[in-house]
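Engineer: Got a structure for you, questions after.
In this note's numbering, the protein residues as written are 3 to 501.
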């Protein structure tokens with residue numbers, strides 16, 4: 003079944019009908035039309051581009067186009083996959099310009115289509131993609147919506163390198179990307195940093211611009227990670243001062259425009275996203291490129307430490323706190339010429355003000371526990387470290403990171419805190435007491451288990467921690483008691499933690 007734009011418009015409108023039979027008939031017609039390959043994709047893109055069509059119809063067309071590409075785009079250039087080479091090349095030549103000309107909901111769907119194609123074809127099979135994006139990024143002096151769209155698209159294209167293993171082929175691809183993109187990337191970073199710290203941006207009338215700049219900057223920082231994760235590029239190494247001085251400034255930024263702050267207690271704002279991505283970028287260098295980050299590591303650790311201490315327990319801060327703690331863990335695992343962790347009282351302060359508050363249960367943690375279908379699921383996730391992005395898991399990993407070089411000091415500090423917590427609650431049965439005992443369980447696990455596997459649990463144990471005594475004196479008595487009552491929520495979580 004071949005279709006033209008007018009017929010396809012009627013069919014796509016029918017897919018939105020509340021009548022199930024009408025929708026099914028429309029879906030059958032689309033399935034038949036897929037055999038026409040390029041004709042269907044061309045008509046779909048014409049619908050997406052048409053300003054005369056209803057937005058809902060254009061959006062439905064963009065979604066169907068994306069899914070069609072996902073099903074039929076060939077994994078190898080030698081295959082057709084249902085779309086001829088001529089039609090594939092035609093789509094590639096128009097897709098970027100079309101994406102940058104349509105409203106945001108349609109732009110997002112077309113950007114996903116570009117990602118699907120680029121994951122398979124870029125760069126060798128789509129040599130015009132990056133030059134086109136660079137051209138859009140460098141056209142005009144203002145940060146336009148088209149530039150924003152082009153930068154977001156570049157980020158989706160580069161994202162695949164975050165998950166690829168280093169190889170000669172991957173390095174060749176990155177060399178090509180860097181040659182085209184690295185200077186544009188740095189220039190845009192400098193421009194955004196200059197504008198986002200402008201005093202006028204804190205005015206209420208500049209809220210929309212501030213939010214836009216922050217989103218652009220988050221994308222810039224994500225691209226930094228993707229282009230540096232496989233190997234450190236020479237250009238980024240040469241300009242590391244510009245990048246890392248900016249990172250420090252973002253971490254220490256306090257007089258933030260209201261538009262960048264979290265909209266509620268659960269949703270992160272632009273500033274939380276910005277600082278979290280800075281932490282991920284610095285952690286990458288702390289893990290892989292210590293020589294390049296060493297001049298900044300003391301300043302970064304102090305800034306992140308200060309940030310974590312002053313951050314509220316609200317869910318809107320969870321990603322930032324997790325990323326910040328992971329950065330401290332990466333930094334603590336490395337022997338620096340001048341280590342920020344060897345300064346007086348630094349280990350005790352980090353344990354007291356970062357580890358302890360984030361390993362304790364919050365109200366939201368208890369709610370999440372009861373949202374799990376079964377206690378068994380909670381235990382499974384804990385044993386498999388499926389909660390890697392939680393504050394508690396990050397805090398436990400920080401203990402292990404600190405213990406690599408400062409095991410005795412960290413063990414002494416945390417065992418002492420466990421003793422203090424247990425003494426302070428005594429035999430109390432309040433919610434706070436159950437939560438304190440639960441925190442002690444995880445502090446002992448984090449301190450005692452130096453290495454572990456999913457199948458066998460702890461394989462190397464810290465001999466300075468008397469785990470059997472802790473289990474016999476603190477945990478066995480609790481397991482011997484009756485099942486917790488409904489009003490003992492934190493006690494139920496403690497029981498699951500012990501198991």
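Virtual Cβ for every residue (Gly too), placed ideally from N, Cα, C.
How many whole angstroms separate the CB atoms of residue 272 and residue 209, which I take to be in contact at a CB cut-off of 8 Å?
Structural biologist: As a first step, residue 272 must be located in the chain shown, where it is residue number 270. As a first step, residue 209 must be located in the chain shown, where it is residue number 207. No, residue 272 and residue 209 are not in contact; Cβ-Cβ is about 11 Å, not under 8 Å.
Engineer: Cα separation between residue 267 and residue 126?
Structural biologist: Working through the chain shown from its first residue, we reach residue 267 at position 265. Working through the chain shown from its first residue, we reach residue 126 at position 124. Distance between the alpha carbons of residue 267 and residue 126: 45 Å.
Engineer: Is the stretch 214-227 touching the stretch 277-287, taking contact as three or more C-beta pairs under 8 Å?
Structural biologist: Contact holds: three or more Cβ-Cβ distances are below 8 Å.
Engineer: Does the beta carbon of residue 117 sit closer than 8 Å to a beta carbon anywhere in chain D?
Structural biologist: In the structure shown, chain D does not exist; there is a single protein chain.
Engineer: Which residues mark the beginning and the end of the alpha helix (DSSP H) in which residue 117 is found?
Structural biologist: On the chain shown, position 115 is the one that residue 117 refers to. Where residue 117 is concerned, the enclosing alpha helix (DSSP H) stretches over 106-123.
Engineer: According to the neighbour-count rule (16 or more other Cβ atoms, all chains shown, within 10 Å of its Cβ), is residue 151 buried or exposed?
Structural biologist: The residue labelled residue 151 in the question sits at position 149 within the chain shown. So residue 151 ends up on the buried side.
Engineer: For residue 212, write down the residues that DSSP places opposite it in a beta bridge.
Structural biologist: Position 210 of the chain shown, counting from 1, holds the residue named residue 212. None; residue 212 has no bridge partner.
Engineer: Would you identify the three-state DSSP class for residue 264, choosing helix, strand or coil?
Structural biologist: Within the chain shown, the letter at position 262 stands for residue 264. Three-state result, residue 264: coil.
Engineer: Exposed or buried, which one is residue 2 when buried takes at least 16 other CB atoms within 10 Å?
Structural biologist: Given a span of 3 to 501 for the chain in the structure shown, any question on residue 2 remains unanswerable.
Engineer: For residue 440, which residues of its own chain have a beta-carbon under 7 Å away from its beta-carbon, when the five flanking residues on both sides are left out?
Structural biologist: Here residue 440 refers to the residue found at position 438 when the chain shown is read from its first residue. Excluding sequence neighbours, residue 440 sits near 363, 492, 495, 496 and 499.
Engineer: Could you tell me if residue 177 is buried or exposed, where buried requires 16 or more neighbouring beta carbons within 10 angstroms of its beta carbon?
Structural biologist: For this step, residue 177 is matched to residue 175 along the chain shown. Exposed is the call here.
Engineer: Suppose you measure from the CA of residue 252 to the CA of residue 305; what does that come to, to the nearest Å?
Structural biologist: For the purposes of this step, residue 252 is taken as the residue at position 250 of the chain shown. For the purposes of this step, residue 305 is taken as the residue at position 303 of the chain shown. Each residue's alpha carbon lies about 10 Å from the other.
Engineer: Specify, as a first and last residue, the run of the alpha helix (DSSP H) that residue 172 falls within.
Structural biologist: Numbered from 1 along the chain shown, position 170 holds the residue referred to as residue 172. Counting along the chain, the alpha helix (DSSP H) containing residue 172 begins and ends at 170-198.
Engineer: Go ahead and pull the three-state DSSP assignment for residue 494.
Structural biologist: Numbered from 1 along the chain shown, position 492 holds the residue referred to as residue 494. In the structure shown, residue 494 sits in a helix (DSSP, three-state: H, G or I).
Engineer: At the level of alpha carbons, what is the spacing between residue 131 and residue 419?
Structural biologist: For the purposes of this step, residue 131 is taken as residue 129 along the chain shown, with counting starting at 1. For the purposes of this step, residue 419 is taken as residue 417 along the chain shown, with counting starting at 1. Roughly 57 Å separates the two Cα atoms.
Engineer: Taking Cβ positions, are residue 263 and residue 300 nearer each other than 8 Å?
Structural biologist: Within the chain shown, residue 263 is the residue found at index 261, counting from 1. Within the chain shown, residue 300 is the residue found at index 298, counting from 1. No, they are not a contact pair.
Engineer: Could you give the C-beta distance for residue 330 and residue 274, rounded to a whole number, given that I count them as a contact under 8 Å?
Structural biologist: Taking the chain shown and counting its residues from 1, the one referred to as residue 330 is at position 328. Taking the chain shown and counting its residues from 1, the one referred to as residue 274 is at position 272. Contact flag wrong, Cβ pair sits at about 17 Å.
Engineer: Could you tell me which uninterrupted alpha helix (DSSP H) segments, each at least 4 residues in length, are contained entirely in the stretch 383-429, listed from first to last along the chain?
Structural biologist: The stretch 383-429 contains these whole alpha helix (DSSP H) runs: 393-427.
Engineer: Does the structure place the stretch 57-67 close enough to the stretch 109-116 that three or more beta carbon pairs sit under 8 Å?
Structural biologist: Touching, yes.
Engineer: According to DSSP, is residue 366 helix, strand or coil?
Structural biologist: The sequence position of residue 366 within the chain shown is 364, counting from 1. If DSSP states are grouped into helix, strand and coil, residue 366 belongs with the helices.
Engineer: With H, G and I counted as helix, E and B as strand and the rest as coil, what does DSSP make of residue 479?
Structural biologist: Taking the chain shown and counting its residues from 1, the one referred to as residue 479 is at position 477. Three-state result, residue 479: helix.
Engineer: Taking only the alpha-carbon atoms, compute the straight-line gap between residue 199 and residue 352 and give it to the nearest angstrom.
Structural biologist: If you number the chain shown from 1, residue 199 lands on position 197. If you number the chain shown from 1, residue 352 lands on position 350. Answer to the nearest angstrom: the Cα atoms are 30 Å apart.
Engineer: Exposed or buried, what is residue 248 when buried is set at 16 or more other beta-carbons lying within 10 Å of its beta-carbon?
Structural biologist: On the chain shown, residue 248 is found 246 positions in, with the first residue counted as 1. Classification for residue 248: buried.
Engineer: Can you tell me whether DSSP reads residue 273 as helix, strand or coil?
Structural biologist: The residue given as residue 273 occupies position 271 in the chain shown. Three-state DSSP puts residue 273 in a helix.
Engineer: Going straight from the alpha carbon of residue 75 to that of residue 122, what length do you get?
Structural biologist: Within the chain shown, the letter at position 73 stands for residue 75. Within the chain shown, the letter at position 120 stands for residue 122. When rounded, the distance between both Cα atoms is 9 Å.
Engineer: Less than 8 Å between the CB atoms is what I'm expecting for residue 17 and residue 29, so what's the real figure, rounded?
Structural biologist: Taking the chain shown and counting its residues from 1, one reaches residue 17 at position 15. Taking the chain shown and counting its residues from 1, one reaches residue 29 at position 27. Yes, they are in contact, since the Cβ atoms of residue 17 and residue 29 sit about 7 Å apart, within 8 Å.
Engineer: So residue 211 and residue 203 are in contact, right, with Cβ under 8 Å, and what is the actual spacing, rounded?
Structural biologist: Taking the chain shown and counting its residues from 1, one reaches residue 211 at position 209. Taking the chain shown and counting its residues from 1, one reaches residue 203 at position 201. Indeed they touch by this definition, with Cβ atoms about 7 Å apart.
Engineer: Taking 8 Å as the threshold (C-beta atoms), are residue 398 and residue 361 in contact?
Structural biologist: Translated into positions along the chain shown, residue 361 becomes position 359. Translated into positions along the chain shown, residue 398 becomes position 396. It is a contact, given that the beta carbons lie within the stated cut-off.
Engineer: Are the CB atoms of residue 68 and residue 115 within a distance shorter than 8 Å?
Structural biologist: On the chain shown, residue 115 is found 113 positions in, with the first residue counted as 1. On the chain shown, residue 68 is found 66 positions in, with the first residue counted as 1. A contact, by the Cβ cut-off of 8 Å.
Engineer: Could you have a look at residue 232 and say whether DSSP puts it in helix, strand or coil?
Structural biologist: The sequence position of residue 232 within the chain shown is 230, counting from 1. Looking at residue 232 - three-state DSSP - the assignment turns out to be coil, as it is neither helix nor strand.
Engineer: Quick one: what does DSSP say residue 255 is sitting in, helix, strand or coil?
Structural biologist: On the chain shown, position 253 is the one that residue 255 refers to. Looking at residue 255 - three-state DSSP - the assignment turns out to be coil, as it is neither helix nor strand.
Engineer: Nearest-angstrom Cα distance between residue 197 and residue 215?
Structural biologist: Here residue 197 refers to the residue found at position 195 of the chain shown. Here residue 215 refers to the residue found at position 213 of the chain shown. Whole-angstrom Cα-Cα distance: 8 Å.
Engineer: Return the CA-CA distance between residue 2 and residue 100, expressed in angstroms with no decimal places.
Structural biologist: With the chain covering 3 to 501 only, the question about residue 2 has no answer from this structure.
Engineer: Taking a contact to mean a Cβ-Cβ separation below 8 Å, would you say residue 335 touches residue 342 in this structure?
Structural biologist: For this step, residue 335 is matched to residue 333 along the chain shown. For this step, residue 342 is matched to residue 340 along the chain shown. Result no, Cβ atoms of residue 335 and residue 342 do not sit closer than 8 Å.
Engineer: Using the Cα positions of residue 2 and residue 191, report the straight-line distance between them to the nearest angstrom.
Structural biologist: The displayed coordinates of the chain run from 3 to 501. Any statement about residue 2 would go beyond what the structure contains.
Engineer: Tell me the rounded alpha-carbon separation between residue 20 and residue 13.
Structural biologist: The sequence position of residue 20 within the chain shown is 18, counting from 1. The sequence position of residue 13 within the chain shown is 11, counting from 1. Each residue's alpha carbon lies about 14 Å from the other.
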